[in-house]
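For the sequence shown, position 60 (counting from the first letter as 1) is numbered 60 according to the UniProt record's numbering, and the numbering increases by one without interruption.
Idealized CB from N, CA, C, for every residue including glycine.
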Amino acid sequence: MADICLFQNLIICPIEFGACCLVICDYDLMQIILGSSSIARQKILAEMGYEFTLMSADIDEKAIRTAKPEDLVMALAKAKADAIVSKLQTSDDQEKDAKPSILIASDTAKGNPKIHIGEDKDAEPTLLITCDQVVVYEGVIREKPSGEEEARQFIKSYSGKHASTVSSVFVTNLKTGFTKGDWDKVEIHFHEIPDHAIDKLLEEGLVLRVAGALIIEHPLIVPYVKEVKGTTDSVMGLPKALTEKLLKEAAMNV
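Here is the structure:
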């Protein structure tokens with residue numbers, strides 16, 4: 001495939017004789033569906049300049065197990081993609097000038113918008129994005145805590161030590177069947193975390209709904225974050241750079 005040129009929000013692909021053709025339209029026109037109830041992912045996607053609605057990916061995550069965290073998050077992201085694709089409704093009368101759609105899906109969500117899967121060869125692609133994340137501490141994979149006590153144990157264990165997040169993004173071009181995914185890893189080092197901060201975090205309850213009960217952007221935990229080797233958006237569950245890269249690669253596969 002020819003090298004891809006990016007100009008603002010447009011993708012341009014060079015062709016023979018030095019000419020250029022516009023392959024994908026302005027991203028600002030795309031319909032976006034985020035399949036996550038994660039406030040953090042919604043915030044990140046909004047920061048990336050996208051407007052979006054929500055859709056669900058209902059799978060039994062515990063039924064999918066692998067030894068390596070990288071393999072696990074990729075397997076879960078793919079399973080979520082399969083689950084969402086099975087829900088999508090097709091239409092015989094899709095307009096040729098239909099706007100491109102991007103579907104972003106991860107843990108849980110709500111609403112099942114009607115999306116047409118590429119029966120019109122001239123229509124822009126619909127892109128499906130699924131995500132997952134785990135925390136790794138001393139070589140052990142941690143997912144969402146089973147309850148308050150496990151969440152407390154998780155957070156206390158980070159005190160004065162470090163943990164890593166492994167986040168996956170998986171993109172499917174529903175028009176062509178092209179898929180591409182990858183993962184991003186971030187290492188977080190902590191100062192000592194006092195019990196009163198942990199107590200307040202547990203009272204709020206948000207840590208019960210995230211992998212490893214790990215939230216570095218929360219005001220109660222920010223003072224105790226010593227160093228982040230990577231990006232905060234990746235720790236929050238949606239690495240911006242990786243998401244943009246995979247979107248562009250999948251969109252080019254027309």
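Classify residue i as helix, strand or coil using the three-state DSSP reduction.
i	result
D199	helix
Y137	strand
V210	coil
F178	coil
A163	strand
T243	helix
Of all the options the options, which has the alpha carbon lying nearest to the alpha carbon of residue i?
i	options	result
L174	S86, K156 and E187	S86
D216	A250, M48, D58 and G237	For the record, residue 216 in the displayed sequence is Ile; it is not Asp. The residue with the shortest Cα to Cα distance from I216 is G237.
L247	G181, E149 and I44	G181
A151	E203, F178, S167 and E138	E203
Output the distance between the C-alpha atoms of residue i and residue j, rounded to the nearest integer angstrom.
i	j	result
I39	S56	14 Å
D132	S234	11 Å
Q153	I221	15 Å
D60	M252	32 Å
Y158	K200	16 Å
K240	V171	14 Å
M48	H191	31 Å
A79	P145	21 Å
A83	I129	12 Å
A81	F178	12 Å
Y50	E244	11 Å
L208	E149	10 Å
F52	S37	12 Å
I64	Y137	20 Å
Quick one: residues in its chain with C-beta nearer than 7 Å to the C-beta of residue i, no 5 flanking neighbours on either side, listed in chain order?
i	result
D93	Only weak support exists for where D93 lies, its pLDDT of 35 falling under 50; the coordinates are left without a value.
L242	V169, D182 and D184
H189	H162, K226 and E227
Note down, in chain order, each residue of its chain lying with its Cβ closer than 6 Å to the Cβ of residue i, except the 5 sequence neighbours on either side.
i	result
V135	R142, A163, T165, A211, G212 and L214
G230	V186
Would you check if there are 3 or more beta carbon pairs closer than 8 Å linking the segment 67 to 79 to the segment 38 to 52? no
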